[in-house]
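Peer 1:
Numbering (full-length UniProt numbering), first residue to last: 1 to 476.
Below is the structure:
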């Protein structure tokens, strides 16, 4: 004979109750014991049970539910409150891989980046819902807009330092933060009109080599994962032997030839100097824990400490003036233009060249951060056989229009390695996006095959602008 608990309905309901709620074994046993005591199961046998309304059965179920609420209820409801999205906060950050209700001071940001990349590559898919994205990446995101076509996006900031805040309202990356180590990865999820994932992209510091990479999935499913050209975050290789200027073959060759250099040499030298300078700024900040703003555990930049390293890339006069000023504001933990970037491969011109110095002219197209839109003149001097930056002058497009050609922009986009086919359509006249220009300007209209949309690029500034107000381009 079995006791009253043998009743099939009762056993099934009790087992269902255990699976519906996340109770521990100890809690389930406690409920079971209290049930047994209250209905005196030892004295009730199957043979003695009469047909009719099972009052004891329903009483047992009610008692089980009441005991569950008393034992497990508080933690259950606290969990529900903890997962309320913070989507309206435009400056939130997400520590990927950490529980929302606990802080792990020993969490490795590189692990967070690897976990996020794994999710993007293995679990993320085009067309999934916002709820599914929240499940995969969490609910700590900022609502932003695409700078190109105002599409709605969510941005996630991964592997951030304590106190990190980035309030950009468009899909511009925090390149300073990525370079300075304030944030290790940023992810943008673009939504279609039905609030499904249309595309997604990320810029991250690769844990394997310390360099910036871009991982992107386009609307047609094309995948791209490659270094993010133009920015370096890793310091120069350690233990690299210093080159004695007196034994430098390149310097010796320049001295022996005693002739001016050509454009290809000028581009190579200029690129190496600017990259080395950028890496040195970052390395000094990490090594000495410098911050241009009040930040716990950090100190103000010290130019006297930095100068010996800066003199490897710049003359004494330029370092004491321009570079010292940049150094003091460089570590602001913000999206601020600091060191110039030139698109030498798009347009370059030797303005002056002799054995002692050269001046190279180039342009800087407006990038995803909104930086650029100027013509630059870089002066490089030969100091004791070593080329060093002696000056740079950046001229706004408002003073010296860039006059970008359609072919130059297509070359620029091809150099980004986006895998997109950009087709030039026509050049139209439109009001300038800059209030400083009163008259209409030339805007080159292009079609993106991947996005299947049209967009414009201002000839004078290189800014990307919308053209959907033109009737024949507003159907995409």
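Even for Gly, the Cβ is constructed at its ideal location relative to N, Cα and C.
#1: According to the Cβ coordinates, are residue 366 and residue 462 closer than 8 angstroms?
#2: From residue 308 to residue 284, what does the alpha carbon distance come to, in whole angstroms?
#3: Give me the Cα-Cα distance between residue 239 and residue 276, rounded to the nearest whole angstrom.
#4: So residue 361 packs on residue 375, CB below 8 angstroms; how close in whole Å?
#5: Mind checking who residue 430 pairs with in its DSSP beta bridge?
#6: How far does the alpha helix (DSSP H) with residue 263 in it reach, from first residue to last?
#7: Quick check: the Cα distance between residue 158 and residue 138, rounded to an integer number of angstroms?
#8: Could you tell me the boundaries of the alpha helix (DSSP H) in which residue 219 lies?
#9: Could you tell me the distance, in whole angstroms, from the CA atom of residue 421 to the CA atom of residue 272?
#10: Suppose you measure from the CA of residue 345 to the CA of residue 131; what does that come to, to the nearest Å?
#11: Where do the N-terminal and C-terminal ends of the alpha helix (DSSP H) with residue 365 fall, by residue?
#12: Quick check: the segment 178-192 against the segment 113-127, are at least 3 beta-carbon pairs closer than 8 angstroms?
#13: Given this structure, state the Cα-to-Cα distance separating residue 432 from residue 397, to the nearest angstrom.
#14: Rounded to a whole number of angstroms, what is the C-alpha to C-alpha distance between residue 222 and residue 448?
#15: Between which two residues does the alpha helix (DSSP H) harbouring residue 121 extend?
#16: Can you say whether residue 535 is buried or exposed, counting buried as having 16 or more other CB atoms within 10 angstroms of its CB?
#17: On the criterion of 16 or more Cβ atoms from any shown chain inside 10 Å, does residue 280 qualify as buried, or is it exposed?
#18: Is the distance from the Cβ of residue 142 to the Cβ of residue 368 below 8 angstroms?
#19: Looking at C-alpha atoms only, which residue of 329, 274, 266, 287 is the closest neighbour of residue 351?
Peer 2: This is what the structure holds:
#1: Cβ distance < 8 angstroms, so residue 366 and residue 462 count as in contact.
#2: If I take the Cα positions, the gap works out to 11 angstroms.
#3: Bear in mind that a pLDDT of 47 at residue 239, under 50, signals an unreliable position, so the model cannot answer this.
#4: Between residue 361 and residue 375, the beta carbon gap of about 7 angstroms places them in contact (Cβ cut-off 8 angstroms).
#5: Beta-bridge pairing links residue 430 to 441.
#6: Residues 263-288.
#7: So the two alpha carbons sit approximately 11 angstroms from each other.
#8: For residue 219, no alpha helix (DSSP H) segment is defined, and its DSSP state is neither H nor E.
#9: A direct Cα-Cα distance of roughly 30 angstroms separates residue 421 from residue 272.
#10: Those two C-alpha atoms are separated by around 43 angstroms.
#11: Residue 365 -> no alpha helix (DSSP H), and no H or E assigned at all.
#12: Counting Cβ pairs under 8 angstroms, three or more are found: they touch.
#13: Approximately 12 angstroms, taken between the alpha carbons.
#14: When rounded, the separation of the alpha-carbon atoms in residue 222 and residue 448 is 14 angstroms.
#15: Counting along the chain, the alpha helix (DSSP H) containing residue 121 begins and ends at 109-122.
#16: This structure cannot settle anything about residue 535, because the visible part of the chain is limited to 1 through 476.
#17: Taking a 10 Å sphere around the C-beta of residue 280, we find 16 or more other C-beta atoms and assign the residue as buried.
#18: Against a cut-off of 8 angstroms, the Cβ pair of residue 368 and residue 142 comes out as no contact.
#19: Cα-wise, what sits closest to residue 351 is 266.
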